[in-house]
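Engineer:
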Amino acid sequence: MSAPDAGRQRQRGMTAIGTLLMVGCLGFVVYLAMRLVPMYLDGFTVRSALESLKQEPAAAQWGPNEIRDRLRRRFDVNNVDSVKPSDVKVVMDDGRKTVSVAYETRVHLIANLDAVARFDFSVELGAGRTP
């Protein structure tokens with residue numbers, strides 16, 4: 061046997077340190093996913109609530125308080141806690157109501173590190189009340 065062949069037979073796979081590093085990296089990625097994915101799921105829920113509000117035929121006639129209340133109920137049902145009532149804005153412009161939800165959510169990661177995500181969604185409800 062030549063020297064290069066002998067070296068190949070001794071190499072059998074990852075060492076214990078390599079395996080620990082791989083498991084540690086994989087564990088950290090899983091931890092990050094567990095902390096960050098719920099923020100984005102809440103964002104998708106907020107967007108879905110706004111889109112379903114847009115599908116309501118009478119939504120254009122509702123006042124700002126009624127719109128906020130309906131959205132709050134949908135957020136409560138879906139356990140969205142990061143949106144406050146003050147984050148929901150209803151603006152009347154050129155006969156159309158625009159409902160926007162802009163909020164920021166923060167998740168603690170490690171020690172003094174946090175992850176911050178900003179979300180800004182809006183829908184147009186159509187023609188508002190005619191005088």
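Numbering (the working numbering), first residue to last: 61 to 191. For glycine and all other residues, C-beta sits at the position ideal for the given N, C-alpha and C. Keep in mind it's a predicted model, so treat the numbers as computed, not measured.
Check for me: the alpha helix (DSSP H) holding D2 runs from which residue to which?
Structural biologist: Here the chain has residues from 61 to 191 only, and residue 2 is not among them.
Engineer: Could you compute how far the alpha carbon of L169 sits from the alpha carbon of L110?
Structural biologist: If you take the alpha carbons of L169 and L110, they lie about 29 Å apart.
Engineer: With T75 as the anchor, note down where its beta strand (DSSP E) starts and where it stops.
Structural biologist: Neither: T75 is in no beta strand (DSSP E) and is coded neither H nor E.
Engineer: Quick one: residues in its chain with C-beta nearer than 7 Å to the C-beta of V140, no 5 flanking neighbours on either side, listed in chain order?
Structural biologist: Here the set comprises D102, T105, V106.
Engineer: Checking the sheet assignment: what are the DSSP bridge partners for L173?
Structural biologist: For L173, which the question treats as bridged, DSSP gives the partners I170.
Engineer: Measure the Cβ-Cβ separation of G186 and R156 and say whether it is below 9 Å.
Structural biologist: Going by C-beta atoms, G186 is nearer than 9 Å to R156.
Engineer: Would you give the residue range spanned by the beta strand (DSSP E) that D154 belongs to?
Structural biologist: Looking at the DSSP string, D154 is not in any beta strand (DSSP E), and its letter there is neither H nor E.
Engineer: For the pair the stretch 144-156 and the stretch 76-83, tell me if three or more CB-CB distances fall below 8 Å.
Structural biologist: No, because fewer than three Cβ pairs between the stretch 144-156 and the stretch 76-83 fall closer than 8 Å, the two stretches do not touch.
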